[in-house]
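Working notes, structure below.
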Amino acid sequence: MNSITRRTALGAAIAVPAAAALARAAQAAAPTEIELFFPVPVQGMLANKMKELIDRFNSGHEGVKVTAVYTGSYDDTNLKTRAAIKAGKPPGAVIMSANFVREYVINDEVEPFDPIIEKAGGTAAAYIDAFWPALKPNAVIDGKVFGIPFQNSTPLLYYNVEAFTEAGLNPDRPPASWSEWITAAKALTKVSGGQTERWGLMFPATYDYCGWITSGLVMANGGQYFNHDYGGEVFYDAPSTLGALTLVDKMVNQFKVIPPGVSDANACTSAFFAGRTAMMVLSTGSLSFVRDNMKLAYKVAFLPRSVRNAVPIGGASLILPKGNTPERQAAAWTLITWLTSPEIAGEWSRFTGYFAPRKAAYDLPEMKKYLDDHPDAKVALDQLRYAVPWFDTYNTVAVRKAMEDQVQAILSAKVTPAEAIATAQKRADGLLRPYVEQTALKSLG
Amino acid sequence: MATALIVERLRSGLSADRAVKLSPPRWLPAAVLLGPSLAFLAAFTYWPVIRVVAGSLIVGRFAGQTTVGFGNYQRLFADPHFSRAAWNNLAYAGGTIGPSLVLALGLALALRETTRLTGILRTLVVMPLLIPLVAAAALFSFILLPGDGLLDFYLHRLGLGMVNWLGDPDLALGSVTAITVWKNTGYYMLFFLAGLAGVPQDLLDAAKIDGAGAMRRLRSITLPLLGPTFGFVVPIALLNALTQVDHVVTMTQGGPSDATNLLLYYIYQQAAQNDDFGLASAATVISVAALLSLSLISFRTLERGIHYES
Amino acid sequence: MKAEWRLVRLLGVSAAALLWVVPFAWMAVASLRPGVPTDIASLTPAGPFGLDNFAMAWKSGDFPLWYLNTLAMCGGILAVQLVTISMAGYAFARLRFRGQELLFAAFLLQLLLIPPLLIVPNLAILVSLHLYDSLLGIMAPYFASAFGVFLMRQTFRAIPRDYEEAAMLEGASVAVLIRHVLLPLARPGLVAFAIVSLTAHWNEFLWPLMAVSSPRNQVLTVGLATFASGAEAGSAWGIVAAGTFMVAAPLLLMFLLFQRRFVSSFVFSGIK
Chain A
1 MNSITRRTAL
11 GAAIAVPAAA
21 ALARAAQAAA
31 PTEIELFFPV
41 PVQGMLANKM
51 KELIDRFNSG
61 HEGVKVTAVY
71 TGSYDDTNLK
81 TRAAIKAGKP
91 PGAVIMSANF
101 VREYVINDEV
111 EPFDPIIEKA
121 GGTAAAYIDA
131 FWPALKPNAV
141 IDGKVFGIPF
151 QNSTPLLYYN
161 VEAFTEAGLN
171 PDRPPASWSE
181 WITAAKALTK
191 VSGGQTERWG
201 LMFPATYDYC
211 GWITSGLVMA
221 NGGQYFNHDY
231 GGEVFYDAPS
241 TLGALTLVDK
251 MVNQFKVIPP
261 GVSDANACTS
271 AFFAGRTAMM
281 VLSTGSLSFV
291 RDNMKLAYKV
301 AFLPRSVRNA
311 VPIGGASLIL
321 PKGNTPERQA
331 AAWTLITWLT
341 SPEIAGEWSR
351 FTGYFAPRKA
361 AYDLPEMKKY
371 LDDHPDAKVA
381 LDQLRYAVPW
391 FDTYNTVAVR
401 KAMEDQVQAI
411 LSAKVTPAEA
421 IATAQKRADG
431 LLRPYVEQTA
441 LKSLG
Chain B
1 MATALIVERL
11 RSGLSADRAV
21 KLSPPRWLPA
31 AVLLGPSLAF
41 LAAFTYWPVI
51 RVVAGSLIVG
61 RFAGQTTVGF
71 GNYQRLFADP
81 HFSRAAWNNL
91 AYAGGTIGPS
101 LVLALGLALA
111 LRETTRLTGI
121 LRTLVVMPLL
131 IPLVAAAALF
141 SFILLPGDGL
151 LDFYLHRLGL
161 GMVNWLGDPD
171 LALGSVTAIT
181 VWKNTGYYML
191 FFLAGLAGVP
201 QDLLDAAKID
211 GAGAMRRLRS
221 ITLPLLGPTF
231 GFVVPIALLN
241 ALTQVDHVVT
251 MTQGGPSDAT
261 NLLLYYIYQQ
271 AAQNDDFGLA
281 SAATVISVAA
291 LLSLSLISFR
301 TLERGIHYES
Chain C
1 MKAEWRLVRL
11 LGVSAAALLW
21 VVPFAWMAVA
31 SLRPGVPTDI
41 ASLTPAGPFG
51 LDNFAMAWKS
61 GDFPLWYLNT
71 LAMCGGILAV
81 QLVTISMAGY
91 AFARLRFRGQ
101 ELLFAAFLLQ
111 LLLIPPLLIV
121 PNLAILVSLH
131 LYDSLLGIMA
141 PYFASAFGVF
151 LMRQTFRAIP
161 RDYEEAAMLE
171 GASVAVLIRH
181 VLLPLARPGL
191 VAFAIVSLTA
201 HWNEFLWPLM
211 AVSSPRNQVL
221 TVGLATFASG
231 AEAGSAWGIV
241 AAGTFMVAAP
251 LLLMFLLFQR
261 RFVSSFVFSG
271 IK
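Residue numbers (my numbering), protein chains in the order written: chain A, 1 to 445; chain B, 1 to 310; chain C, 1 to 272.
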């Protein structure tokens, strides 16, 4: 071989592997980039904490780069996600309100997790068993896993200890039934000079919160509120619903222990912190926020029962929007498994007040210590045994609002409970009709 | 003559390179100058109008099948949310246009002289014009907070109790209206100031000498001369009443129980939340038709004003 | 007696003006009070004061990105508008052509058919042009401005033809004519329009909200809405005030510095 050819050969021998190594390095150095849409539906510095978590994830996972995008409330996150999917630019993963998952399945906008779980070794059934059973109905639709629970809540009754003692009530025996609730609220309401200085009870009645709490009251009154297995039926016009709305109506308009009109979460917490309301119904997701800001002594308790104890699940699950490449889906799965691991789930729970959906999180020593130090966090967990699924139907938001508009009207004494349930049922039926006509009432020829 | 020269220049420039002297058509310069604007106008104003009318006639069913018909309009007029939104919008229009024009005129009359003090006062009133409506909404979310908000805080000092300005269905629309009035008054005041500057002082002086009082002068001289200004401001105020819904989107979301639902918010809800583009299109068509017919009256006044001036 | 009435009127107007500025006063005061003071509503607090709220707001939101996007959007819209309105305004001012009335009426109508009203069809058009979720998509419907065309028509009409004739007789080419005669004389109108356009689009909300879904294309108004009305801010009103200030500050500052320019722009644009 002459010198030129040898040099060429040598050059090639060096260049080719070098190029390949460079190419591989470049490929490895280019992580899969995905976005995570996440909502913040409760008060507290959750958005910052989430960004912090994601930064930690990114530094620990070379092949994936996640951009955490704060997308507002649960309703706003839903809108933004649907818009992104329709525009053909779906985010890699979304923390979606747990009761919207069904709708995404109906509209065929999400991927089931079963194939991914099975590829990683294991069955979907076993995987979802690692989470509290009350969460299953909103996560497993048509037999497949479509949502991996990330944060969950139940509504709690927060109450001011000093107000209780002042009113002659035993702060260690919070109201456990609706009649006790009314008695307590009456005793706690302080009126002076024609103005109410302290209300007995307040609860957020803005869209989403209102429907959530209403569903809890109805189910505590023995009702189903909606068909848990079929997204085309709601039971607004039913005795259990009537009873629940009557309770609200009486407390606002007859006994005047709840302020009239719609109060949002801020108004409730501001009033509670200032001692202007003795009790409030609020998500356990705000537990840490209340703990940090409530300077007066307070406790938390189960939501009072009527026929039975029942509380709706709240919270959000991680979903996999359709339209992502396999690489993006794999990256999203890495993120999801990390976010829902016992350690991270526990950390998020301790920071927010949401309870960790993953059972194993409560076996970790940090969690055990946390529950010992903060018995109020345990209440939400204990209430889980009475948890019922969250309202989810076809066109969930509009059907939910059909009831919420009526409840808001009751809060201002614009309609009676009987009128409210009739109107709500009629409107809901109209909204559900398109789905019903294609399923239960499908033309048989 | 200059026009002819320019046109000649353009034409000769255009045909300079041709061997055979072809004369470009007379309308070419106008076409070139107007082309871009007309293209955008067609694409984003007139084509959308055609589209939305067409879209309103496409009636969708579950799972993508469609027919053509008036079904969307039937559903629209049967929808209590829409009728509520329409009524609310009428009230909102009245509540914003009336007070803000009266206030704007009053302030303009009081501040028509340019002094140091009036300059400062004018600035203070005009400031809301410079911020986005959502910023105003953020500020007023606090101001109107029941109990701890600015308004209730200071009202409490006067002995009044907690008022739920945004959560009481009877008060919510009024609160939203007040925010809009706060935002727009300064803007309208600027136009009245300009209009007042065009009212000849000697006319007013002569009337004063003749013994006409301030009210008389206002009614007989000032207001008529402000005709064109009104003709300009009223359509704008009307347009604002239909399109300024940012604060409803962020503060009340149409609630409580539809008390602050407005037409554009209804359209937004149908399009963004319910994916109901047929309904949203129908609502758009109705809203635009209403706006155009109401503005036609004001534009007639404007036309008169233009001829008056020239 | 005259003087008394005058005083009463002055006091009345001053009271009104002070009332008008209360929201801004609160914004300034509250943004400088860190933490969650119980009397956050007070306009005359005792302190402590600090800049923590601004730091927190800056961290919680994505202000640098929002500023950039908003500047790009407003700048882009204005750049194209200046070209289209000058050309069209000149055509209506100086040229005579068939269909002039009809075309002018078409522009007139656009004053009312503004993009927020036509959100539904415009969104569909954006999607078909592949412009959905882009800054260009937000900008496109505004490139033609009827308002600007009217303004420039008035402006050009007000320029005496003698200037153009003189330049022509001197043998100036069209380009020179534009650069050295028309543009300088039309400057007041262009500046007035620029101020009105920038203000309007900086403060635009509903259309950018619908036209864009990705966070990296958000503008200030949409960012502020997510930031302030989300429960994240919760009761941290000082942070909300600080964030609102950061969105409103640029235009307010410009206004306070160039008051007369601003005011005359808005007024000038109203006079036909």
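No residue lacks a Cβ here, since even glycine has one placed at the ideal position from N, Cα and C.
Chain B contact for residue i (CB, 8 Å cutoff)
i, result
"serine 263 of chain A", "yes"
"tyrosine 90 of chain C", "yes"
"alanine 398 of chain A", "yes"
"glutamine 110 of chain C", "yes"
"methionine 73 of chain C", "no"
"leucine 257 of chain C", "no"
"alanine 409 of chain A", "yes"
Beta-carbon proximity of residue i to residue j, cut-off 8 Å
i, j, result
"tryptophan 132 of chain A", "proline 357 of chain A", "yes"
"valine 248 of chain A", "alanine 428 of chain A", "no"
"leucine 282 of chain A", "tyrosine 158 of chain A", "yes"
"methionine 152 of chain C", "glycine 89 of chain C", "yes"
"isoleucine 85 of chain C", "glycine 148 of chain C", "yes"
"glycine 346 of chain A", "methionine 367 of chain A", "yes"
"threonine 423 of chain A", "glutamine 408 of chain A", "no"
"valine 247 of chain C", "alanine 194 of chain B", "no"
"leucine 190 of chain B", "valine 191 of chain C", "no"
"valine 219 of chain C", "alanine 228 of chain C", "no"
Span separating the alpha-carbon of residue i from that of residue j
i, j, result
"glycine 76 of chain C", "serine 175 of chain B", "36 Å"
"threonine 196 of chain A", "tyrosine 362 of chain A", "43 Å"
"serine 97 of chain A", "glutamate 113 of chain B", "58 Å"
"phenylalanine 277 of chain B", "tryptophan 338 of chain A", "39 Å"
"leucine 224 of chain C", "leucine 251 of chain C", "15 Å"
"leucine 7 of chain C", "valine 13 of chain C", "10 Å"
"serine 128 of chain C", "leucine 135 of chain C", "16 Å"
"phenylalanine 273 of chain A", "glutamate 162 of chain A", "12 Å"
"threonine 118 of chain B", "alanine 242 of chain C", "29 Å"
"arginine 122 of chain B", "phenylalanine 193 of chain C", "21 Å"
"leucine 441 of chain A", "alanine 84 of chain A", "32 Å"
"aspartate 382 of chain A", "aspartate 55 of chain A", "33 Å"
Any C-beta of chain A under 8 Å from that of residue i
i, result
"aspartate 246 of chain B", "no"
"proline 215 of chain C", "yes"
"alanine 272 of chain B", "yes"
"threonine 38 of chain C", "yes"
Cβ separation of residue i and residue j, assumed to be a contact under 8 Å, to the nearest whole Å
i, j, result
"valine 140 of chain A", "leucine 335 of chain A", "Wrong, their Cβ atoms sit about 21 Å apart, outside the cutoff."
"asparagine 261 of chain B", "arginine 116 of chain B", "Asparagine 261 of chain B to arginine 116 of chain B, Cβ: 45 Å. No contact."
"valine 233 of chain B", "leucine 101 of chain B", "7 Å"
"proline 45 of chain C", "isoleucine 143 of chain B", "Wrong, their Cβ atoms sit about 16 Å apart, outside the cutoff."
"alanine 47 of chain A", "tyrosine 70 of chain A", "5 Å"
"alanine 332 of chain A", "isoleucine 128 of chain A", "Rounded, the Cβ-Cβ distance is 18 Å, inconsistent with contact."
"leucine 279 of chain B", "arginine 75 of chain B", "6 Å"
Residue-level contact to chain C via CB, residue i, 8 Å cutoff
i, result
"cysteine 47 of chain A", "According to the sequence shown, residue 47 of chain A is alanine rather than cysteine. So, interface residue."
Chain E contact residues for residue i, given Cβ-Cβ distances below 7 Å
i, result
"leucine 32 of chain C", "The displayed structure is made up of protein chains A, B and C, and chain E is not among them."
Check whether the region 297-315 of chain A touches the region 209-229 of chain A, taking contact to mean three or more Cβ pairs, one atom from each stretch, closer than 8 Å. yes
Inspect the CB distances between the region 136-149 of chain A and the region 253-272 of chain A and report whether three or more fall short of 8 Å. The region 136-149 of chain A, when compared against the region 253-272 of chain A, does not touch it at the 8 Å Cβ threshold.
Any contact of the region 330-347 of chain A with the region 300-307 of chain A, i.e. 3+ C-beta pairs under 8 Å? In the pairwise beta carbon analysis, the region 330-347 of chain A is classified as not touching the region 300-307 of chain A: fewer than three pairs are separated by under 8 Å.
Would the region 136-144 of chain B and the region 264-272 of chain B be scored as touching if the rule is three or more Cβ pairs under 8 Å? no
Specify whether the region 203-222 of chain B and the region 146-163 of chain B touch according to this definition: at least 3 beta carbon pairs, one from each stretch, less than 8 Å apart. no
On the three-pair Cβ rule with 8 Å, is the region 200-211 of chain C touching the region 135-147 of chain C? yes
With three or more C-beta pairs closer than 8 Å as the rule, is the region 206-217 of chain A touching the region 382-391 of chain A? yes
With a cut-off of 8 Å, do at least 3 Cβ pairs link the region 148-164 of chain A to the region 283-293 of chain A? The region 148-164 of chain A is in contact with the region 283-293 of chain A.
Contact the region 154-170 of chain B vs the region 74-90 of chain B: 3+ CB pairs below 8 Å: No contact exists between the region 154-170 of chain B and the region 74-90 of chain B.
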